[in-house]
Amino acid sequence: MAKFTVRTYDTISPAGLRRFSSDYDVGADAEAPDAIMLRSFKLPNAAVGPTVLAVGRAGAGVNNIPVRELAARGIVVFNAPGANANSVKELVLAGLLLAARNLPAALAYARDLRPGLAAAEMSAAVERGKKKFAGHEIAGATLGVIGLGAIGGRVANVATDLGMRVFGYDPAISERHAAELSPQVHRVDSLERLLAESEFVTLHVPLLDSTNRMLDARRLALLPRGAVVLNFARDELVDEKALVAALDAGELSCYVTDFPNPVVRSHDNVIMLPHLGASTSSAEDNCAVMIADELQDFLESGNIRFSVNYPAVSLPRRGNLRLTLAHRNTPGVIALFAKLISGAGINIAELANDSRGEYAYSIMELEADQLPANVVAQLEAMPQLLRLRIIAE
Numbered sequence: 360m361a362k363f364t365v366r367t368y369d370t371i372s373p374a375g376l377r378r379f380s381s382d383y384d385v386g387a388d389a390e391a392p393d394a395i396m397l398r399s400f401k402l403p404n405a406a407v408g409p410t411v412l413a414v415g416r417a418g419a420g421v422n423n424i425p426v427r428e429l430a431a432r433g434i435v436v437f438n439a440p441g442a443n444a445n446s447v448k449e450l451v452l453a454g455l456l457l458a459a460r461n462l463p464a465a466l467a468y469a470r471d472l473r474p475g476l477a478a479a480e481m482s483a484a485v486e487r488g489k490k491k492f493a494g495h496e497i498a499g500a501t502l503g504v505i506g507l508g509a510i511g512g513r514v515a516n517v518a519t520d521l522g523m524r525v526f527g528y529d530p531a532i533s534e535r536h537a538a539e540l541s542p543q544v545h546r547v548d549s550l551e552r553l554l555a556e557s558e559f560v561t562l563h564v565p566l567l568d569s570t571n572r573m574l575d576a577r578r579l580a581l582l583p584r585g586a587v588v589l590n591f592a593r594d595e596l597v598d599e600k601a602l603v604a605a606l607d608a609g610e611l612s613c614y615v616t617d618f619p620n621p622v623v624r625s626h627d628n629v630i631m632l633p634h635l636g637a638s639t640s641s642a643e644d645n646c647a648v649m650i651a652d653e654l655q656d657f658l659e660s661g662n663i664r665f666s667v668n669y670p671a672v673s674l675p676r677r678g679n680l681r682l683t684l685a686h687r688n689t690p691g692v693i694a695l696f697a698k699l700i701s702g703a704g705i706n707i708a709e710l711a712n713d714s715r716g717e718y719a720y721s722i723m724e725l726e727a728d729q730l731p732a733n734v735v736a737q738l739e740a741m742p743q744l745l746r747l748r749i750i751a752e
């Protein structure tokens, strides 16, 4: 009988599924799952049963998962940040070139040359028409990168390699991503300054209340005349009605987006792609592998890495009984947990704890073979506790 059960939604890369050991029952028909693994399936809170301990999204965005509701139930939501970063980076570069060289219109012109033309006639038609599609090189142009995380940092670095002058804005950049950033990237502390300097602007931030419509009419007006906006993050980051108005007025020359919608669909100066950012076999493999590894580490040891609703907390196993506690971030709660456990004559050999907003997560290694039933009952009765797990060696 399987030790753990993982229910899958969508088609998950076999490279990820192969990461699970024989102790796991993994599939779309798995019943009473310990974890859920998905890609784009929109997961309702009601579909997450009481047995579920974790949800893993084989990708970076988690808009299809009820993250807050699951956090309140002590269910950890994992994602795979950076696993698809190279695929998105390459598509952003393609978007830059599509816009700079007017390639979609040029491709359409070449495709629509009248059938039956002789070679000389076709050559003449090509020479007549190509003047309409003259573009410009991206070398020497200025690129503004909003968000310098796993994707934005890579875009910024490769743009410098291509000879672009690059400005970056990210007030919340991590130490790791800052260390990986090329010294040729000019970091600025003002979004307004970045926009005023940039002939091309690319967005690489998550969709939050604070970033919704971050490029509104006022900020779009700061861009130099003829600028290009690239959006491979989320369409809601841009006030697209204001953007279309700027395109109509000739203030912007092009909008490249990975998110077709009725607002931008019919505009001649919009280049739309059908959400291809992470649609490569390499990215799908990387995301699935990363999530499979995260779920196994969590189910077997209670360790958390790359969660979007709980802090990263991990401890190496020491062969003792292990407790994991998902709980509210309340002052003194760790002392209350410890008092109950030590009151039963059990020593806490090691403890790790961290918080994220209103929620916290603790791992305790106990010098005991089991936890008395009355202690378990007292812990589970505490209003601060959301989920208790007891993990034996």
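Each number in the numbering used here comes from the position in the sequence shown (counting from 1) with 359 added on. Even glycine gets a Cβ: it sits at the ideal position worked out from N, Cα and C. Since the model is a prediction, treat every value here as computed from it, not as a measurement.
Residue closest to residue i, alpha-carbon to alpha-carbon, out of the options
{"i": "I630", "options": "A576, R398, A405 and L457", "result": "L457"}
{"i": "A391", "options": "D382, V547 and A406", "result": "A406"}
{"i": "F696", "options": "G488, L744 and M649", "result": "L744"}
{"i": "R624", "options": "K600, S640 and K401", "result": "K600"}
{"i": "A727", "options": "N706, V734 and A394", "result": "N706"}
{"i": "D713", "options": "L699, G433 and S673", "result": "S673"}
{"i": "G494", "options": "M481, N461 and G512", "result": "N461"}
{"i": "A419", "options": "V517, L684, M573 and G508", "result": "G508"}
{"i": "N595", "options": "E539, D575, L582 and G691", "result": "Residue identity check: residue 595 is Glu in the sequence provided, not Asn. Of E539, D575, L582 and G691, the residue nearest in Cα terms is D575."}
{"i": "L658", "options": "Y383, S372 and V421", "result": "Y383"}
{"i": "D548", "options": "P530, A538, S638 and A537", "result": "P530"}
{"i": "L553", "options": "R524, M723, R746 and G716", "result": "R524"}
{"i": "P742", "options": "A444, T689 and A708", "result": "T689"}
{"i": "P542", "options": "E551, S557, T616 and F526", "result": "F526"}
{"i": "A732", "options": "I722, V587 and L699", "result": "L699"}
{"i": "A413", "options": "F363, A453 and N445", "result": "F363"}
{"i": "V421", "options": "R398, A430 and N404", "result": "R398"}
{"i": "A751", "options": "R715, A694, G691 and R676", "result": "R676"}
Sheet register partners of residue i (DSSP bridge)
{"i": "I750", "result": "R681"}
{"i": "D384", "result": "T364"}
{"i": "E724", "result": "R681 and E709"}
{"i": "S666", "result": "F437"}
{"i": "N590", "result": "L562 and T616"}
{"i": "L782", "result": "Outside the shown range of the chain, which is 360 to 752, sits residue 782, and nothing can be said about it."}
{"i": "H686", "result": "A719 and L744"}
{"i": "M573", "result": "Paired residue(s): none; M573 is not in a bridge."}
Whole-angstrom C-beta distance between residue j and residue i, which should lie under 8 Å
{"i": "P670", "j": "Y614", "result": "In fact, because the Cβ distance is near 37 Å, the residues do not count as touching under 8 Å."}
{"i": "I510", "j": "V447", "result": "5 Å"}
{"i": "D393", "j": "V365", "result": "7 Å"}
{"i": "A515", "j": "L540", "result": "7 Å"}
{"i": "L730", "j": "E739", "result": "Actually they do not touch by this definition, with Cβ atoms about 11 Å apart."}
{"i": "E558", "j": "V587", "result": "7 Å"}
{"i": "G415", "j": "E653", "result": "6 Å"}
{"i": "G408", "j": "A647", "result": "Going by Cβ atoms, the distance from G408 to A647 rounds to 23 Å, so no, they are not a contact pair."}
Pair within 8 Å by beta-carbon distance, residue i and residue j
{"i": "A417", "j": "I663", "result": "no"}
{"i": "V622", "j": "L589", "result": "no"}
{"i": "F437", "j": "S666", "result": "yes"}
{"i": "A483", "j": "L472", "result": "no"}
{"i": "R687", "j": "Y718", "result": "yes"}
{"i": "A555", "j": "L579", "result": "no"}
{"i": "V385", "j": "T370", "result": "no"}
{"i": "H563", "j": "V504", "result": "yes"}
{"i": "G661", "j": "T683", "result": "yes"}
{"i": "A500", "j": "N645", "result": "no"}
{"i": "F591", "j": "V451", "result": "yes"}
{"i": "N679", "j": "E724", "result": "yes"}
Entirely enclosed beta strand (DSSP E) segments - the segment 615–664, minimum 3 residues: 629–631
Curious, which full-length beta strand (DSSP E) runs of at least 3 residues does the segment 421–490 contain? 435–437
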